[in-house]
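J.:
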Amino acid sequence: MPQGQPESVPDDGLTTRQRRNRPLLMVHTGVGKGKSTAAFGLALRAWNQGWPIGVFQFVKSAKWKVGEENALKVLGAGSEGGSVDWHKMGEGWSWVQRDDQQDNETKAREGWEQVKRDLAAETYRLYVLDEFAYPLHWGWIDTDEVVRVLRDRPGNQHVVITGRNAPAALLEAADLVTDMSKVKHPMDAGQKGQRGIEW
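Laid out in structure tokens, this is it:
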């Protein structure tokens, strides 16, 4: 398998293997389509490696059925690959305006508390914090605390965070940042989302 070559090698005292295998904090942000999809693609790779995976959806409603959820749950329940746990933390905050915003904020904080407990217990090897950038951007969860917890997480736990408007402090702390830009989208021409493409 071809492997990328780093542009420079830091003088950090680590061996090539140690540097290669260190846990990553990844962020998929921007206004383009594909942030969550790319994160779920990482989850497929992690499943193939036999890693336990925790998916935490912070914005999509518990009623929202995304195709990746069903696929990863089926894979996680099989005899091959890693396990998959799927946690839904929200009520569709980004699309539905509700009077009870305080309840949504509380659920986001509760979700973050669960992630912190799982990180401390080293429950998963890959954490997908889907749409987690939103509660950070809205100030529901303290970005500095998130950066500190993720920086100090024990073991070899990878974390990928998705969502628009990821805070600058999170981007600075991340090892890998992808900004999904939009060049063209069918919705620009009035076409609504469709099965198999958006969900």
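full-length UniProt numbering numbers the first residue of the sequence shown as 1 and each following residue consecutively.
Note that beta-carbon positions come from the ideal geometry of N, C-alpha and C, so glycine has one too.
Only a predicted model underlies this, so the values are computations on that prediction, with no experimental measurement involved.
1. Would you report the Cα separation of R45 and A38, rounded to the nearest angstrom?
2. Would DSSP call H185 helix, strand or coil?
3. Flag this pair as yes or no: are the beta carbons of A108 and M89 separated by less than 8 Å?
4. Is it true that the CB of L129 sits closer than 8 Å to the CB of V159?
5. For chain D, check one thing: does any of its Cβ atoms lie closer than 8 Å to the Cβ of N165?
6. Can you tell me where the beta strand (DSSP E) holding residue 200 begins and where it ends?
7. Could you check whether the Cβ of V128 sits closer than 7 Å to any heavy atom belonging to the ligand GTP?
8. Taking DSSP as the reference, what is the three-state secondary structure of L136?
9. Can you tell me whether V66 is helix, strand or coil according to DSSP?
10. Taking the Cβ atom as the reference point for each residue, do L170 and L136 lie within a distance shorter than 8 Å?
11. L25 and W47 - do their beta-carbons sit closer together than 8 Å?
12. Hey, how far is the Cα of A173 from the Cα of S181?
13. What is the rounded straight-line gap between the Cα of R125 and the Cα of V9?
T.: This is what the structure gives:
1. Translated into positions along the sequence shown, residue 45 becomes position 45. Translated into positions along the sequence shown, residue 38 becomes position 38. Answer to the nearest angstrom: the Cα atoms are 11 Å apart.
2. Locating residue 185 in the sequence shown gives position 185, where the first residue counts as 1. The three-state reading of DSSP puts H185 in coil, since its state is none of H, G, I, E or B.
3. Within the sequence shown, the letter at position 108 stands for residue 108. Within the sequence shown, the letter at position 89 stands for residue 89. For A108 and M89, yes; Cβs fall inside 8 Å.
4. Here the question's residue 159 lines up with position 159 in the sequence shown. Here the question's residue 129 lines up with position 129 in the sequence shown. For V159 and L129, yes; Cβs fall inside 8 Å.
5. Included in the structure is just one protein chain, with no chain D present.
6. Past the edges of the chain, shown from 1 to 199, lies residue 200, and the structure says nothing about it.
7. With respect to the ligand GTP, the structure shown offers nothing to examine, as it has no ligands at all.
8. By 1-based counting over the sequence shown, the position of residue 136 is 136. If DSSP states are grouped into helix, strand and coil, L136 belongs with the helices.
9. Position 66 of the sequence shown, counted from the first residue, corresponds to residue 66. Coil.
10. Translated into positions along the sequence shown, residue 170 becomes position 170. Translated into positions along the sequence shown, residue 136 becomes position 136. Yes, the Cβ-Cβ distance between L170 and L136 is below 8 Å.
11. Here the question's residue 47 lines up with position 47 in the sequence shown. Here the question's residue 25 lines up with position 25 in the sequence shown. Their beta carbons are not under 8 Å apart, which means W47 does not touch L25 by this criterion.
12. In the sequence shown, counting from the first residue as 1, residue 173 sits at position 173. In the sequence shown, counting from the first residue as 1, residue 181 sits at position 181. Looking at the two C-alpha atoms, the distance is approximately 21 Å.
13. Taking the first residue of the sequence shown as 1, we reach residue 125 at position 125. Taking the first residue of the sequence shown as 1, we reach residue 9 at position 9. Approximately 26 Å between the Cα atoms of the pair.
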